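Reviewing the structure listed below.
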Amino acid sequence: MIRKSKNFIHAAVLCMLLGFPLSAAAAGHMVVIDPGHGGSNMGVTLSRSVHEKDVTLAIARLVKKSLSGAKDIDIRLTRLDDKDVSTTDREKIVQRSNADLFISLHVNAGFGQNAEGYEIYSSSFTVPSAKESNSKEIVKNMEQTGYLNDSVRFGQIVQKNIRRVFPRKGRGLRNAPILVLESLTTPAVLLEIGFATNLEDKKLLKDEKIQKDVADALTESIQEYFSTGGAS
Ligand SMILES: [Zn+2]
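Just so you know, we're using this note's numbering here: the sequence shown kicks off at 11 and counts up by one.
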């Protein structure tokens with residue numbers, strides 16, 4: 011069950027008192043942040059005691075905390091602590107939250123020890139085959155094209171801001187399907203924060219100061235995204 015936030019309830023009470031329709035007061039931007047992995051799904055290993063699931067949760071929590079006082083932005087996490095959450099449940103949270111933006115956080119691994127730095131993936135969509143093309147499917151794809159543009163725009167903002175944390179380490183903005191979001195129509199970005207298989211990245215990712223810097227870059231990016239147009 012997804013509980014309605016305290017803010018929502020406060021807004022609802024205020025609306026009843028003032029006689030406003032609820033939708034008018036609840037017109038903030040909903041951002042869902044997805045700390046990758048969790049519980050028994052630990053993700054890549056950074057040290058004996060630190061895994062991808064810990065780093066993604068730490069950063070997501072910091073963003074939520076930074077924006078807790080923001081009037082027009084609500085942050086919801088797909089998990090608040092160290093627990094298993096299925097892809098389906100992550101999708102449901104995005105859908106039920108009516109999210110305006112979705113950010114999934116991960117840590118990369120592989121491609122040899124020299125691969126380093128962040129990667130940003132914006133959500134993609136698949137063109138239906140002739141067989142599957144019914145009007146509903148086509149409309150959904152047209153909607154997704156609009157969301158795709160917003161995803162790319164947000165991805166570019168993140169890229170600009172995160173460069174400060176990882177100078178000269180960007181592997182760029184890429185376009186790829188995001189598994190967790192394939193069935194959704196929400197602007198979405200997946201951020202691979204660095205490589206667990208690179209010694210320097212590994213050190214940076216475990217550093218709480220760097221985690222805070224990444225969170226600050228994301229916080230700023232979210233604010234910038236909505237103040238410069240938001241979802242079109
Ligand atoms: Zn991951």
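Cβ atoms here follow ideal geometry from the backbone N, Cα and C, with glycine treated the same way.
Since we're looking at a predicted model, the values are computed, not measured.
* To do: Could you check what DSSP says for S114 in three-state terms: helix, strand or coil?
  => Within the sequence shown, the letter at position 104 stands for residue 114. S114: strand per DSSP, three-state reduction.
* Secondary structure, alpha helix (DSSP H): runs of 4+ residues fully inside the segment 163-233 -> 209-216
* **Cβ-Cβ distance between N129 and E202 below 9 Å** => For the purposes of this step, residue 129 is taken as residue 119 along the sequence shown, with counting starting at 1. For the purposes of this step, residue 202 is taken as residue 192 along the sequence shown, with counting starting at 1. At residue 129 the sequence reads Glu, which differs from the Asn that was named. In this structure, E202 lies closer than 9 Å to E129 by Cβ.
* Taking C-alpha atoms, which residue in D94, Y131, R86 and G204 lies nearest to A109? -> Position 99 of the sequence shown, counted from the start, is the residue given in the question as residue 109. Cα-wise, what sits closest to A109 is R86.
* Asked: On the three-state DSSP scale, how would you describe V41?
  -> For this step, residue 41 is matched to residue 31 along the sequence shown. In the structure shown, V41 sits in a strand (DSSP, three-state: E or B).
* **Local Cβ density within 10 Å of E101, reported as buried at 16 or more and exposed below that** => Translated into positions along the sequence shown, residue 101 becomes position 91. That one is buried.
* Measuring CA to CA, which of I220, H39, Q169 and A206 is closest to A80? -> As a first step, residue 80 must be located in the sequence shown, where it is residue number 70. It is H39 whose Cα lies nearest to the Cα of A80.
* Cutoff 7 Å; reference G180; Cβ partners in own chain excluding five residues on either side -> As a position in the sequence shown, residue 180 is number 170, starting the count at 1. So the list reads G127, Y128, Q169 and R173, once near-sequence residues are dropped.
* Straight-line Cα distance separating Q123 from N51 -> The sequence position of residue 51 within the sequence shown is 41, counting from 1. The sequence position of residue 123 within the sequence shown is 113, counting from 1. So the alpha carbons of these two residues sit roughly 23 Å apart.
* Three-pair Cβ contact test at 8 Å for the segment 225-233 versus the segment 63-76 -> yes
* Could you spell out the range, first to last residue, of the alpha helix (DSSP H) harbouring L67? => If you number the sequence shown from 1, residue 67 lands on position 57. Residues E62 to S76.
* Asked: According to DSSP, which residues form a beta bridge with N51?
  -> Mapped onto the sequence shown, residue 51 falls at position 41. Answer by DSSP bridge pairing, in chain order: G48.
* **Cβ-Cβ distance between K212 and S57 below 9 Å** => Here the question's residue 212 lines up with position 202 in the sequence shown. Here the question's residue 57 lines up with position 47 in the sequence shown. Taking 9 Å as the Cβ cut-off, K212 and S57 qualify as a contacting pair.
* To do: Measure the C-alpha to C-alpha separation of R106 and D217 and round it to an integer number of angstroms.
  => Position 96 of the sequence shown holds residue 106. Position 207 of the sequence shown holds residue 217. R106 and D217: Cα-Cα distance of roughly 34 Å.
* Does ligand 1 have a heavy atom nearer than 8 Å to the CB of V117? -> By 1-based counting over the sequence shown, the position of residue 117 is 107. Yes, Cβ of V117 sits closer than 8 Å to a heavy atom of ligand 1.
* On the three-state DSSP scale, how would you describe S132? -> Reading the sequence shown from its first residue, position 122 is the one you call residue 132. Three-state result, S132: strand.
* To do: For E210, collect the residues of the same chain with a Cβ closer than 7 Å to its Cβ; drop the 5 residues on either side in sequence, then sort them by chain order.
  => Within the sequence shown, the letter at position 200 stands for residue 210. These residues qualify, in order along the chain: E126.
* **Euclidean distance between Cα positions of T88 and T98** => In the sequence shown, the residue the question calls residue 88 occupies position 78. In the sequence shown, the residue the question calls residue 98 occupies position 88. Approximately 11 Å, taken between the alpha carbons.
* Backbone CA spacing between V199 and D160 [nearest angstrom] -> Indexing the sequence shown from 1 puts residue 199 at position 189. Indexing the sequence shown from 1 puts residue 160 at position 150. Rounded to the nearest angstrom, the two C-alpha atoms are 10 Å apart.
* Buried or exposed: F121, going by 16 or more other Cβ atoms within 10 Å of its Cβ? -> To locate residue 121, count along the sequence shown from 1; it is residue 111. Exposed is the call here.
* **Exposure label - P177; buried when at least 16 CB within 10 Å** => Taking the sequence shown and counting its residues from 1, the one referred to as residue 177 is at position 167. It is exposed - the Cβ of P177 has fewer than 16 other Cβ atoms within 10 Å.
* Asked: Is R86 helix, strand or coil by DSSP?
  -> Position 76 of the sequence shown holds residue 86. Reduced to three states, the DSSP call for R86 is strand.
* Report whether the distance from the Cβ of E62 to the nearest heavy atom of ligand 1 is below 8 Å. => As a working note, residue 62 is residue 52 in the sequence shown. True, at least one ligand heavy atom lies under 8 Å from that Cβ.
* **Neighbourhood of G239 by C-beta distance below 6 Å, restricted to the same chain and skipping five residues each side** => Here residue 239 corresponds to residue number 229 of the sequence shown, with the count starting at 1. Nothing listed; no residue qualifies.
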